[in-house]
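Peer 1:
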Amino acid sequence: MPATIIPGVAVPLSLVGTFAVMVFLDFSINNLTLMALTIATGFVVDDAIV
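Numbering (the numbering used here), first residue to last: 10 to 59.
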């Protein structure tokens, strides 16, 4: 059970934090940044499963 709670909390917090920093630093949210976030989230979820 804790093995699923940690990624379940960490992934949304990291995404919210990432978007907050991107807005603070005035980065644009385009296809490249969204794809990078998708791949990074996939790595985290894959590592949590395996």
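The C-beta atom is built at its ideal place from N, Cα and C for all residues, glycine as well.
How is D35 classed by DSSP in three states: helix, strand or coil?
Peer 2: Three-state result, D35: coil.
Peer 1: Under the assumption that V59 contacts P16 (Cβ atoms under 8 Å), give the Cβ distance between them as a whole number of angstroms.
Peer 2: So it is not a contact: roughly 12 Å between Cβ atoms.
Peer 1: Between M31 and I38, which are expected to be in contact by the criterion C-beta below 8 Å, what is the C-beta distance as a whole number of angstroms?
Peer 2: The pair is a contact, with the Cβ atoms about 6 Å apart (cut-off 8 Å).
Peer 1: Just curious, the alpha helix (DSSP H) that V53 is in, first and last residue?
Peer 2: 40-58
Peer 1: Can P13 and A49 be called in contact, C-beta distance under 9 Å?
Peer 2: One point to set straight first is that residue 13 is Thr, not Pro, in the sequence displayed. Cβ distance not < 9 Å, so T13 and A49 don't count as in contact.
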